[in-house]
Amino acid sequence: MSTPPDHAQGAEKRHAQIMAMSDRTGSDLEKNGSDRVKEDPSSVLQPSSISDDDRAGMEQDTNTDPNAGHGSETASIASRVLSRVTSRSSITPSPPPDGGVTAWMAIFSAHLVIMNTWGIVNSFGVFQSYYTTLLSRPPSDIAWIGSFEVFLLFFISTFSGRLTDAGYFRPLFVAGFLLVSLGMLTTSFCTQYWQFFLAQGICLGIGNGLLFCPALSTASTYFDKKRGLALGFVSIGSSTGGLIYPSMVRQLLPSIGFGWTIRSIAFVQMGTLGVAFMFLRPRVKPRKAGSIVEWGAFKELEYTFYAVGSFLNYLGVFFAFYYLASYTRDIIGLSYNSSLNLLLVLNGVGVPGRILPGYIADRVGSINTLIPMSLISGLLMYCWVAVSSTAGLYTWTPFYGLAASAIQSLFPSALSQLTKDPRKQGTRMGMTFTIVSFAVLTGPPIAGAIISAEDGKYVGAQVYAGTCLLAGMCFWVAARMVKTRKAGGGLWFKT
101 MSTPPDHAQG AEKRHAQIMA MSDRTGSDLE KNGSDRVKED PSSVLQPSSI
151 SDDDRAGMEQ DTNTDPNAGH GSETASIASR VLSRVTSRSS ITPSPPPDGG
201 VTAWMAIFSA HLVIMNTWGI VNSFGVFQSY YTTLLSRPPS DIAWIGSFEV
251 FLLFFISTFS GRLTDAGYFR PLFVAGFLLV SLGMLTTSFC TQYWQFFLAQ
301 GICLGIGNGL LFCPALSTAS TYFDKKRGLA LGFVSIGSST GGLIYPSMVR
351 QLLPSIGFGW TIRSIAFVQM GTLGVAFMFL RPRVKPRKAG SIVEWGAFKE
401 LEYTFYAVGS FLNYLGVFFA FYYLASYTRD IIGLSYNSSL NLLLVLNGVG
451 VPGRILPGYI ADRVGSINTL IPMSLISGLL MYCWVAVSST AGLYTWTPFY
501 GLAASAIQSL FPSALSQLTK DPRKQGTRMG MTFTIVSFAV LTGPPIAGAI
551 ISAEDGKYVG AQVYAGTCLL AGMCFWVAAR MVKTRKAGGG LWFKT
């Protein structure tokens, strides 16, 4: 049975129209990228370019003559059009703005989050020294409080990072805010070791973990070319907190006591975290599918080497932040308040120690900048063995603070360079943070145990920390070599 001439001509006409529309759609997408998707994501699912008459004609072709091939062919062409529309820019994230008010407010907000998470961590030397006297416990026991806090900060990041990718940034932030507030307020009422461990070590640690990785991974999606500098500003938050909170302890503790000093810190945290919550918002569309751990990342040698190097570096990098104050009292003989001055110097130099390396990293690469900073930190840790005077400590502390701050600042930026898909940023950061969490959990207590085993001498612990830093640097060098070889670059390859 043949197709009537008029009907066949109409079908052929519609066939030609749809083919032309298909070509236009493809070329428009190639020209305009994801503009249509950004304006109305649902529009990519609507074949609005097909007129009502043409659509009715297609239905007529399909239903009136089952023996003719025009209906099925037309439907196939329409399916191909829709496939082209939905398979391109609708799933491709728009490029980072690399500037603008919204982007820099996101960076400022993340800065406040780091101030209230890592700022407290870098201030733990204040609590280490005070708790050792208050509770009459050995340094290794007190170190477990701070180590467990940092362990949870990193470990929880595996889950909070993946949930951030899935679109749960706001609920995570609220939960973290509540736990940080609860942890600090309950710490102000603690009088026994187990109470401090639960309030400051566990509750505060979980809250920090729910805030840190989501804020960092969200802020990093706003920048690409200036990412090193931007994340450098973010990481300055640890120096900001490391200056503000020890200063508050030094000024308020003698006059209002421990309880109200800690409550005052809690009030500052609640106010600044509230500001961060207002301005930090996700930019990349959620990635609902996918597991918590991306096991395929470990098939990339550069990522594996980088993770191992990070583990070793973080075994040793926090030794000075935890034990510098107690070293000045036990070995040099300074008072408690005088020992806090050195801790303020250590945290204060973190401001240029985060900005300058970030600025350099944008030009030569984060990993290229990170490697020499790790080398310098390890060598300076060995040099600390020879320091035996107050003047020597005031000379040594700024140099180590600069190098160690650069490691903390560039660590996430270098990791971002190893992650090609920004929607996997939170997942990979969380994975690496979890690996590092076991380093920060065991590193300071191991150092404390070495000090106790040597009857209060610090030499063994200093050598241990320096060796960890240098070993970690070697793995970072290996990661760079693999990355460079894959990219076909040379000695000065930017990575």
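Quick note on the working numbering: the sequence shown kicks off at 101 and runs consecutively. Ideal Cβ positions, reconstructed from N, Cα and C, are used throughout, including at glycine.
Span of the alpha helix (DSSP H) around residue i
i, result
"Trp576", "559 to 587"
"Leu380", "No alpha helix (DSSP H) holds Leu380; DSSP gives it neither H nor E."
"Ala275", "269 to 287"
"Gln292", "Unbroken run through Gln292: none, as it is neither H nor E."
"Phe248", "239 to 255"
"Ile448", "Per the sequence shown, the amino acid found at residue 448 is Gly instead of Ile. From DSSP, the alpha helix (DSSP H) with Gly448 extends over 436 to 448."
"Cys313", "304 to 320"
"Phe224", "224 to 235"
"Ala299", "Element bounds for Ala299: n/a, residue is neither H nor E."
Residue i, DSSP secondary structure in three states
i, result
"Ser489", "coil"
"Cys483", "helix"
"Lys594", "coil"
"Lys399", "helix"
"Val349", "helix"
"Thr534", "helix"
"Gly409", "helix"
"Arg613", "Look at the range of the chain in this structure, 101 to 595, and you will see that residue 613 is not part of it."
"Pro472", "helix"
"Val417", "coil"
"Asp430", "helix"
"Phe208", "helix"
"Arg387", "coil"
"Val451", "helix"
"Leu518", "coil"
"Asp324", "coil"
Assumed close pair residue i, residue j - CB separation to whole angstroms, cut-off 8 Å
i, j, result
"Thr291", "Gln300", "In fact, because the Cβ distance is near 13 Å, the residues do not count as touching under 8 Å."
"Ser54", "Gly450", "Lying before the first or after the last residue shown, residue 54 is absent from the chain, which here runs from 101 to 595."
"Leu373", "Leu212", "7 Å"
"Ile550", "Ala561", "4 Å"
"Arg528", "Leu515", "7 Å"
"Asp324", "Pro457", "No, Asp324 and Pro457 are not in contact; Cβ-Cβ is about 18 Å, not under 8 Å."
"Phe259", "Ser537", "In fact, because the Cβ distance is near 12 Å, the residues do not count as touching under 8 Å."
"Ala376", "Ser257", "About 17 Å; that fails the 8 Å criterion."
"Ile432", "Ser474", "Contact doesn't hold; Cβ gap of about 27 Å is too wide."
"Met573", "Gly492", "At roughly 25 Å, the Cβ-Cβ gap does not stay under 8 Å, so Met573 and Gly492 are not in contact."
"Ser364", "Asn222", "Their Cβ separation, rounded to whole angstroms, is 18 Å, which puts Ser364 and Asn222 out of contact at 8 Å."
"Ile455", "Tyr345", "At roughly 21 Å, the Cβ-Cβ gap does not stay under 8 Å, so Ile455 and Tyr345 are not in contact."
"Pro545", "Ser240", "5 Å"
"Tyr427", "Tyr231", "Contact doesn't hold; Cβ gap of about 16 Å is too wide."
"Asp430", "Gly246", "Actually they do not touch by this definition, with Cβ atoms about 18 Å apart."
Exposure of residue i, with buried meaning 16 or more beta-carbon neighbours within 10 Å
i, result
"Leu278", "exposed"
"Phe398", "exposed"
"Met378", "exposed"
"Gln295", "exposed"
"Asp198", "exposed"
"Cys313", "buried"
"Tyr422", "buried"
"Tyr403", "buried"
"Ile336", "buried"
"Tyr63", "In this structure the chain extends from 101 to 595, so residue 63 is not present and cannot be described."
"Ala420", "buried"
"Ile207", "buried"
"Asn132", "Caution is warranted here: a pLDDT of 45 is assigned to Asn132, below 50, making its placement in the model unreliable, and the coordinate value is therefore given only provisionally. Per the 10 Å Cβ criterion, exposed."
"Trp244", "buried"
"Met531", "buried"
"Thr233", "exposed"
"Ala587", "exposed"
"Val485", "exposed"
"Ala503", "buried"
Nearest to residue i (by Cα), restricted to the options the options
i, options, result
"Leu541", "Thr264, Phe418, Leu234, Asp265", "Phe418"
"Asn413", "Gln369, Met215, Lys385, Pro472", "Pro472"
"Thr584", "Ala549, Asn468, Ala565", "Asn468"
"Lys385", "Ile455, Tyr231, Phe251, Gly267", "Gly267"
"Gly64", "Thr202, Val250, Gly341, Ser426", "This structure gives no information on residue 64, because the portion of the chain shown stretches from 101 to 595."
"Arg327", "Ala503, Ser247, Ala203", "Ala203"
"Asp462", "Leu570, Lys594, Tyr230, Ser236", "Lys594"
"Val349", "Val563, Ile207, Gly225", "Gly225"
"Trp496", "Ile535, Tyr436, Leu424, Val563", "Leu424"
"Met284", "Ser338, Ser513, Leu380, Trp360", "Trp360"
"Asn308", "Phe251, Glu394, Gly543, Phe499", "Phe251"
"Ala579", "Val368, Gln369, Ser466", "Ser466"
"Thr229", "Ala553, Lys586, Trp576, Ser435", "Position check: residue 229 holds Ser in this sequence, whereas Thr was assumed. Here the closest residue by C-alpha is Ser435."
"Gln369", "Leu304, Val464, Leu331", "Leu304"
"Val78", "Gly409, Leu353, Ala486", "Residue numbering for the chain in the displayed model covers 101 to 595; residue 78 lies beyond these limits and cannot be assessed."
"Tyr406", "Phe289, Asp265, Gln517", "Gln517"
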